[in-house]
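*Asks:* Would you mind keeping the following structure in view while I ask a few things?
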Amino acid sequence: MEVEDMPQCDDDDNSSSEAEDDKTVEDDSINYVEAPILTEYFEKLQNRIVKDGKQGPQEYDQKHNTFWIEPPSPYFALYSGPADPKKLYYPRVFLWSPHRLVITVLKCPDCRQKLNSKGFNTNPRACRVVDIDSCFYIMSSRYRCTNQSCKTSLNAHDNRILEQLPLHLQAEFPVYLTHRSAVSKHLGDLLRTVMQNGMGIHWLQQALREVHTLRHSRLHLQYLNSLVHRQQYPTFHDIPHGSNPIIYKRFSSFKDPEGYAGYVPSTGYLRLVYTALIDQLQPLMDKELAILSGIILKGDHSFKVPKHMAKLGGSSAFTALYTFCNEYEEIRLQLLVRTKSTTHLEAPLKEMMNSYHLYNHQEPDLFFTDNVKGDRRLLERSLPSLKRTLYNNNTHTHNIQQSTNLDHQNHPVPFLQLPSSVSVNLIQTNDQVDQAVQAI
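In terms of full-length UniProt numbering, the sequence shown is numbered consecutively and its last residue is 440.
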């Protein structure tokens, strides 16, 4: 058995340097060129879908009921015909033609006129999406406005199209899109979990590289095992003609753009995706904070977070992170501040009190701070309930003292006294402190 010799690309998982991992997002996405094998595969799929006619792609019929075009399993791909590794390079394809699934007419986002389907894109034919252990591709319909003076053209995965769809249909779309690339929702959710648990984006990028190349290696091994089986049980395609031996094609390397075309995003790109996800979720997160109550609040500055943020001209834009927590250690308010002064907290505190009134929460009774004298005026001005609580507590304490005196008159009992063996010494100087410590 002979295998065709092909140039090898470096598949070493640890060969990428920090500079490569931190390369710009533009380099990470603009350099993408659709592999010839993928272009050929996508073209066949598009031609088949066009032949399906007005009834739509067969994936959408009652027999299949799926959005996915799955490639044949490796065993069946290698079972019949000549041994060809390119059958193992075919990815999953998510077919997205929402105009065939909705009753309403899709409208142009600019002029609100009807949109017509104009088939599929051709360069590239599909959008690459990074998943947990491989990449899949989105093949979307292309729409054009029927208004001759508008002529707007956009893809079915455009947010302006997705917003027109029913919510339960929007939920089927499995991708978080960026400008030139995309990640699956499974990977996006994993990215959030990794960041929230402090594991870091670089760790996730290394894990993705490991599982992506592991899948490639398993397919490579499966292909080699199939060649061994063909030698033991040859088919018509494995019988040499004349004196020329059968030469099998070599399985491509992971990064070979003419073959498997594997891809793992850089840490810079994953960081961009995480930032975009948080930007989308921020209104919901702010709403969740506004719903929380808090009778006992505590606030403090943290100087660690700004040290990990980007600097402008060598200086940090923020000095500290100020956090309010309630009695359940839930974050009630959090702000990046330029100075340790609390004057800039007055407006956020007033907004917080507005949410207290909106959701009919009990106003704060206590506030813990490490600078009571400096923060008192601001807190009493922004949280008036603290002054009422202080007045009520003083009145309550006075009433308790009066009640205690009356009870003592009616039912005299001895006051608690220290034992005679216990002596109380007032320590006022450093020497007295040293003497007391040495005596212990």
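The beta carbon of each residue, even a glycine, is placed where N, CA and C say it ideally should be.
Values in this document were obtained by computation on a predicted structure and should not be read as measured data.
#1: Going by other Cβ atoms of all chains shown within 10 Å of its Cβ, with 16 needed for buried, is Ser382 buried or exposed?
#2: Within this structure, are the beta carbons of Gln170 and Leu177 separated by less than 8 Å?
#3: State the beta-bridge partners of Ser266 as determined by DSSP.
#4: Checking 8 Å against the spacing of the C-beta atoms, do Thr319 and Val337 come in under that value?
#5: Less than 8 Å between the CB atoms is what I'm expecting for Phe251 and Pro85, so what's the real figure, rounded?
#6: Kindly identify the DSSP beta-bridge partner or partners of Asp300.
#7: Between which two residues does the beta strand (DSSP E) harbouring Met139 extend?
#8: Can you list, in chain order, the residues of its chain with a C-beta nearer than 7 Å to that of Ile246? Leave out the 5 residues immediately preceding and following it.
#9: Helix, strand or coil for Thr429 per DSSP?
#10: Classify Glu70: buried if its beta carbon has 16 or more other beta carbons within 10 angstroms, exposed otherwise.
#11: Do Glu327 and Gly299 have their C-beta atoms within less than 8 Å of each other?
#12: So if DSSP puts Ala182 in a beta bridge, which residue, or which two residues, is it bridged to?
#13: Taking the straight line between their C-alpha atoms, what separation do you get for Ile427 and Val372?
#14: If you draw a straight line from the C-alpha of Val194 to the C-alpha of His212, how long is it?
#15: Which residues mark the beginning and the end of the beta strand (DSSP E) in which Lys118 is found?
#16: Which term fits Phe94, buried or exposed, when burial requires 16 or more other beta carbons within 10 angstroms of its beta carbon?
#17: Just how far apart, CA to CA, sit Asp11 and Val264?
#18: Using only CA atoms, which one of Ser316, Glu380, Glu43, Gln113 lies nearest to Leu349?
#19: Starting from Leu45, follow the alpha helix (DSSP H) in both directions and report where the run begins and ends.
#20: Could you check what DSSP says for Thr24 in three-state terms: helix, strand or coil?
#21: Please state the DSSP three-state secondary structure of Ile291.
#22: Give a yes or no on contact between the region 340 to 354 and the region 271 to 288, applying the rule of three or more CB pairs nearer than 8 Å.
#23: Since Ile132 contacts His99 with CB under 8 Å, what's their CB separation in whole angstroms?
#24: Tell me the rounded alpha-carbon separation between Arg332 and Leu289.
#25: Could you compute how far the alpha carbon of His220 sits from the alpha carbon of Lys249?
#26: What are the start and end residues of the alpha helix (DSSP H) that includes Leu214?
#27: At what residues does the beta strand (DSSP E) containing Gln334 begin and finish?
*Replies:* A quick look at the data gives this:
#1: Buried.
#2: No, Cβ-Cβ distance for Gln170 and Leu177 is not below 8 Å.
#3: According to DSSP, Ser266 bridges with nothing at all.
#4: yes
#5: 5 Å
#6: Thr323
#7: Its beta strand (DSSP E) spans residues 135 to 145.
#8: Asp238, Pro240
#9: coil
#10: exposed
#11: no
#12: Leu177
#13: 26 Å
#14: Between the alpha carbons of Val194 and His212 lies a distance of about 18 Å.
#15: 115 to 120
#16: buried
#17: Low confidence applies to Asp11: its pLDDT is 38, below 50, so where it sits in the model is not reliable enough to give any reading.
#18: Glu380
#19: 36 to 51
#20: Bear in mind that a pLDDT of 42 at Thr24, under 50, signals an unreliable position, so the model cannot answer this.
#21: helix
#22: No: the two stretches stay apart, fewer than three of their Cβ pairs being nearer than 8 Å.
#23: That belief does not hold up - the Cβ atoms of Ile132 and His99 are roughly 30 Å apart, past 8 Å.
#24: 6 Å
#25: 12 Å
#26: Its alpha helix (DSSP H) spans residues 201 to 232.
#27: 331 to 337
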